[in-house]
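Q: In case it helps, mature numbering (1 follows the signal peptide of the UniProt record, and there is no 0) puts the sequence shown at residues -20 to -1, 1 to 315. A virtual CB, placed ideally from N, CA and C, is assigned to each residue, including glycine. This structure is a prediction, so every number in the text was calculated from the model and none was measured. The structure under discussion is supplied below as structure tokens; questions concerning it will follow.
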Amino acid sequence: MSILITLILLFFFICSPSAAYLLDRLQLPSPLTGPESLAFDRNGGGPYVGSSDGRIFRYIASGPQSGSFVEYGYSSPIRNKAMCDGLTDFSTIQTICGRPLGLGFNHQTNELYVADAYFGLIKIGPNGGAPTQLVRDVQGTPLNFTNALDVDPETGIVYFTQASANYQFRDLTALLNSGDSSGSLFMFDPRTNQTRELLRGLAMAAGVAGSSDGSFVLVTEFLGRRIQRFWVRGDRANTSDTFAVLLGSPDNIKRNPSNQFWVAVNSFLGLSPLPTPPVITTGLRYSESGFLLQIVSLLDEYGTQAVSEVQEFNGTLYGGSLYASYAAVFTQYFL
Ligand SMILES: *[C@@H]1O[C@H](CO)[C@@H](O)[C@H](O)[C@H]1NC(C)=O
Ligand SMILES: *[C@@H]1O[C@H](CO)[C@@H](O)[C@H](O)[C@H]1NC(C)=O
Ligand SMILES: *[C@@H]1O[C@H](CO)[C@@H](O)[C@H](O)[C@H]1NC(C)=O
Ligand SMILES: *[C@@H]1O[C@H](CO)[C@@H](O)[C@H](O)[C@H]1NC(C)=O
């Protein structure tokens, strides 16, 4: 373990990271938690985030409700508002209330796609509200822990991950302490409604992000501590290779306007079971070809809890976490 700590410190020293300082906390209505992922609509509205009670909220930046999250929609087709509103995370009735994790807009249609941990791939219309369930099972096998997604802006194809086929979201602690490698990467084509499995055997498939030209898609493995690249088109189509090997556990990955990738990485220290040990939280920025360009320390904000997402939008860096009650906005000087 001391070797690991030395390696991490060495890695910090060599890469001389910059630090992200907190500018603002966008608070969810109390007692909700868990804005695991963030999305922005085609007009720059948002961020939109999921929460522990199965609702999706939109942050209002200006006007009468400015500075607050307002309800936008929900992801469970069987959600009961009276029963579910105000629910905290890992409650057993999330199997009814839903748990929206990954979010992403189709900017052509302004439809919001949602990876719900219990209900698979979901779509919410341009005015919010009730969900349409798009993918609940793949070739007869139910999705048990849908996790993240990315929408190809040209084709509308949705890439999404299943963290594990053997554990559900409510078994997250058990999954984190397992050697599970039953995660998958899928693609859903809205023109045909067909779903295809691209990669399987992933060690907790977490985030997913497509390249700017749609030629490849990256998938992170939280337990596998690496980022894999699946080639969609070209000479290497239908093959995969390793994009990056990490010293920590990568969660969501997001492409920025310069076609680089931000990935949230957690380096857990100590021997106590995940996710409780002390954690070094960072945002890593990679070039499209896999060069590590920047390491941003998020310890100022996420010192004791894992970070799930780092996303750059309109010159600002945002942070998401499964455990926090807010989305974080960081100072911009390092972008
Ligand atoms: C982007 O940020 C600028 C200021 O930094 C602001 O004027 C503009 O409205 C923002 N655009 C969106 C779409 O949020
Ligand atoms: C996966 O889902 C199926 C159907 O919903 C269920 O029967 C099975 O027990 C689930 N597996 C786990 C580990 O939750
Ligand atoms: C895909 O499914 C939607 C319902 O979710 C349906 O309206 C549409 O006609 C289907 N498209 C095709 C090509 O099957
Ligand atoms: C990749 O695999 C899919 C599914 O097997 C197939 O339809 C497609 O033609 C293949 N693409 C290439 C370029 O080989």
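Taking the C-alpha atoms as reference points, what is the distance between G105 and N23?
A: Roughly 15 Å between the two C-alpha positions.
Q: Going by beta carbon distance, what residues of the same chain come within less than 6 Å of Q274, once the five residues before and after it are set aside?
A: These residues qualify, in order along the chain: R265.
Q: Any heavy atom of ligand 1 within a distance shorter than 7 Å of the CB on G295?
A: Checking the Cβ of G295 against ligand 1 gives yes.
Q: Under 7 Å Cβ to Cβ from Q113, same chain only, skipping five residues before and after it: list those, please.
A: If we look at Q113 and ignore the five residues flanking it on each side, its Cβ neighbours are P57, F99, G100, I102.
Q: Among the residues of its own chain, which have a CB less than 8 Å from the CB of G228, if the five just before and after it don't count?
A: I(-13), R205, V245, N246, S247, F248, I260, T262, listed in sequence order.
Q: Measuring CA to CA, which of P133, G109, F70 is closest to P237?
A: Checking every option, the nearest Cα to that of P237 belongs to P133.
Q: Just to confirm the assignment, what range does the alpha helix (DSSP H) spanning T75 have?
A: Residues 74 to 77.
Q: Taking T284 as the reference, which of G295, E292, P257 has the closest Cα?
A: Of G295, E292, P257, the residue nearest in Cα terms is P257.
Q: Quick check on F210: does DSSP put it in helix, strand or coil?
A: Of the three classes helix, strand and coil, the one that applies to F210 here is strand, per DSSP.
Q: When the distance is taken between beta carbons, is F125 closer than 8 Å to F149?
A: In contact: F149 and F125 (Cβ atoms closer than 8 Å).
Q: Which runs of the beta strand (DSSP E) fall wholly inside the stretch 49 to 95 and span at least 3 residues, in chain order?
A: Within the stretch 49 to 95, the complete beta strand (DSSP E) runs of at least 3 residues are 80 to 86.
Q: Check whether the stretch 188 to 206 touches the stretch 154 to 164, taking contact to mean three or more Cβ pairs, one atom from each stretch, closer than 8 Å.
A: Verdict: yes, contact present.
Q: Could you spell out the range, first to last residue, of the beta strand (DSSP E) harbouring T222?
A: It spans 220 to 225 - the beta strand (DSSP E) in which T222 sits, taken as one unbroken run.
Q: What do you get for P111, buried or exposed, if any count of 16 or more other CB atoms within 10 angstroms of its CB means buried?
A: By the neighbour-count rule (16 or more Cβ atoms within 10 Å), P111 is buried.
Q: Quick check on the burial criterion: 16 or more other C-beta atoms within 10 angstroms. Buried or exposed for T272?
A: Residue identity differs from the one stated: residue 272 is Leu in this sequence, not Thr. When all chains shown are included, L272 counts as exposed.
Q: What do you reckon, is the C-beta of N86 under 7 Å from a heavy atom of ligand 6?
A: What this structure holds is ligand 1, ligand 2, ligand 3 and ligand 4, not ligand 6.
Q: Candidates R216, W242, L198: which alpha carbon is nearest F223's?
A: That would be L198, whose Cα lies nearest to the Cα of F223.
Q: Can you tell me the Cα-Cα spacing of N239 and L83, whole angstroms?
A: One C-alpha to the other measures close to 19 Å.
Q: Can you tell me where the beta strand (DSSP E) holding T153 begins and where it ends?
A: T153 -> not in any beta strand (DSSP E); alpha helix (DSSP H) instead, spanning 152 to 156.
Q: In the DSSP assignment, find the unbroken beta strand (DSSP E) run with M184 in it and report its ends.
A: It is not in any beta strand (DSSP E) - M184 carries neither H nor E in the DSSP assignment.
Q: Less than 8 Å between CB atoms is the rule here; does L18 satisfy it with respect to chain C?
A: Protein chain content of the structure displayed is limited to a single chain, and chain C is not contained in it.
Q: Grab me the residues of E268's own chain with a C-beta within less than 8 Å of its C-beta, minus the 5 sequence neighbours each way, in chain order.
A: For E268, where only same-chain residues beyond five positions count, the Cβ hits under 8 Å are S191, S192, N239, Q240, F241.
Q: Is it buried or exposed for Q208, if we count other Cβ within 10 angstroms and need 16 for buried?
A: Buried, because 16 or more other Cβ atoms sit within 10 Å of the Cβ of Q208.
Q: Just curious, the beta strand (DSSP E) that A308 is in, first and last residue?
A: Unbroken beta strand (DSSP E) run through A308: 306 to 310.
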